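**Q** What follows is a single structure, and I will ask about it in a moment.
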Amino acid sequence: MATTRNIQKRETDTMQTTERTRSGKVFTPLVDIYENNDEMVVMADMPGVDEKTIDITLEQHVLTIEGQVKPYIPEGFNLSYWEYEIGDYRRSFTLTDTIDRDKIEASYKNGVLMLKLPKVEPAKPRKITVKTS
Amino acid sequence: MNLNDLINLNPWREMDRIQRQMNRLFDNAWTPERGRTYPALNMWTNEETIKITAELPGYNPHDIHLSVSGSELTIRGNRPGYELRQDETLHRQERVFGEFERTIRLPFEVESDLVEAKFQNGVLNITLPRAEADKPKKIQIKLSQ
């Protein structure tokens with residue numbers, strides 16, 4: 042049985058990122074990242090996100106994933122007990138490899154965003170000889 | 014403590030000892046609690062119904078099991094991990110996998126046959142209607158004349 046789970050959602054430090062125009066809290070999704078020769082794979086736990094609001098941007102070498110979550114407030118009910126908060130998700134990564142941005146694939150299932158970032162064919166190493174005068 | 018002890022007292026060692034004691038105290042107090050409170054739950058209530066939500070990203074709805082007895086709800090689930098191929102390198106692993114079980118006490122007894130659960134976008138939403146026998150009853154006071 043899992044005894045060392047870290048269940049606390051981490052709130053994003055908004056001072057460190059671009060200012061937002063949407064109110065409410067922003068959380069940093071937990072991610073797994075792995076790579077093979079052809080691609081990088083990012084899996085992010087983003088429960089409750091409305092699929093249509095998922096935004097993935099790749100600018101220079103910075104990949105940003107974002108998703109909005111509609112607050113859940115059932116009518117005629119009172120929140121009598123809470124352990125977690127609801128908010129949007131946002132996180133950025135700096136990628137070291139060059140990614141073929143036209144072939145990025147994204148899917149969202151059961152609250153997990155999966156991104157496949159194919160690498161651009163590595164450029165052939167070119168030897169540069171230093172001229173000596 | 015006599016004067017001799019006071020002279021021999023090493024403040025650094027003393028601080029180290031206190032630090033170690035504090036660490037032990039926190040280890041004992043927090044670690045088991047963390048395990049028990051997964052998943053985090055929110056509870057919405059009114060007189061007739063309880064709604065409980067939990068974030069369970071990456072779980073297959075078939076791997077989530079609920080059971081209700083009286084005023085206790087148990088949620089069990091399993092999120093299987095994945096295996097990497099030989100040519101794959103893991104850079105970061107923050108997500109958690111494996112089994113969990115959590116039992117909570119509900120504010121009132123519920124009608125176990127009428128419990129409903131939905132799972133959408135990784136969020137579990139359970140609706141538990143109050144048991145008829147547990148509903149508050151109005152008692153008419155007869156007037157004797």
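Same order as they appear, the protein sequences are chains A and B. To get this note's numbering, take the position in the first sequence, counting from 1, and add 41. To get this note's numbering, take the position in the second sequence, counting from 1, and add 13. Note that the Cβ used here is the ideal one computed from N, Cα and C, for glycine as well. Treat the numbers as computed from the prediction; the structure is a model and nothing was measured.
1. CB A146 of chain B to CB V123 of chain B, shorter than 8 Å?
2. DSSP three-state label for V171 of chain A, please.
3. Give the DSSP-derived three-state secondary structure of D129 of chain A in the structure shown.
4. How far does the beta strand (DSSP E) with S80 of chain B in it extend, from its first residue to its last?
5. Looking at the secondary structure, which residues open and close the beta strand (DSSP E) in which D126 of chain B lies?
6. Thinking C-alpha only, which one of A:L99, A:W123, A:G128 and A:T139 is nearest G89 of chain A?
7. Give the straight-line distance between the Cα atoms of P52 of chain B and R26 of chain B, rounded to the nearest whole angstrom.
8. Is there a Cβ of chain B sitting closer than 8 Å to that of D96 of chain A, yes or no?
9. For G117 of chain A, return the contacting residues in chain B, with the cut-off set at a CB-CB distance below 7 Å.
10. What does P70 of chain B touch in chain A if you count any residue whose Cβ is under 8 Å from its own?
11. Identify every residue that forms a DSSP beta bridge with G162 of chain B.
12. Quick one, which residues of the segment 111-144 of chain A are near chain B if we go by CB-CB under 7 Å, in chain order?
13. Taking its Cβ as the centre, do 16 or more other Cβ atoms sit within 10 Å of Q99 of chain B, making it buried, or is it exposed?
14. DSSP three-state label for P8 of chain B, please.
15. Tell me whether the beta-carbon of Y125 of chain A lies closer than 8 Å to the beta-carbon of N55 of chain B.
16. Less than 8 Å separating the beta-carbons of P115 of chain A and K148 of chain B?
17. According to DSSP, simplified to helix, strand and coil, what is P70 of chain A?
18. Kindly indicate which residue of B:A67, B:N91 and B:S80 has the alpha-carbon position closest to the one of F110 of chain B.
19. Using the three-state DSSP reduction, which class does P88 of chain A fall into: helix, strand or coil?
20. Under 8 Å, Cβ to Cβ, is there at least one residue of chain B near V72 of chain A?
**A** Walking through what the data contain:
1. no
2. coil
3. strand
4. Segment I77 to S82, the beta strand (DSSP E) holding S80 of chain B.
5. Premise fails: D126 of chain B is in no beta strand (DSSP E) and is neither H nor E.
6. A:G128
7. 41 Å
8. no
9. Taking the beta carbon of G117 of chain A as reference, the chain B residues within 7 Å of it are N59, listed in sequence order.
10. D86, M87, P88, N151, G152 and V153
11. Examination of residue 162 of chain B is not possible in this model, given that chain B is present from 14 through 158 alone.
12. Along the segment 111-144 of chain A, going in chain order, the ones with a CB nearer than 7 Å to a CB of chain B are Y113, P115, G117, F118, N119, L120, S121, Y122, W123, E124 and Y125.
13. Residue burial annotation: Q99 of chain B is exposed, with fewer than 16 other C-beta atoms found within 10 angstroms of its C-beta.
14. What the structure shows of chain B is the stretch from 14 to 158, and residue 8 of chain B is not part of that stretch, so it cannot be assessed.
15. yes
16. Not closer than 8 Å, so no.
17. coil
18. B:N91
19. coil
20. yes
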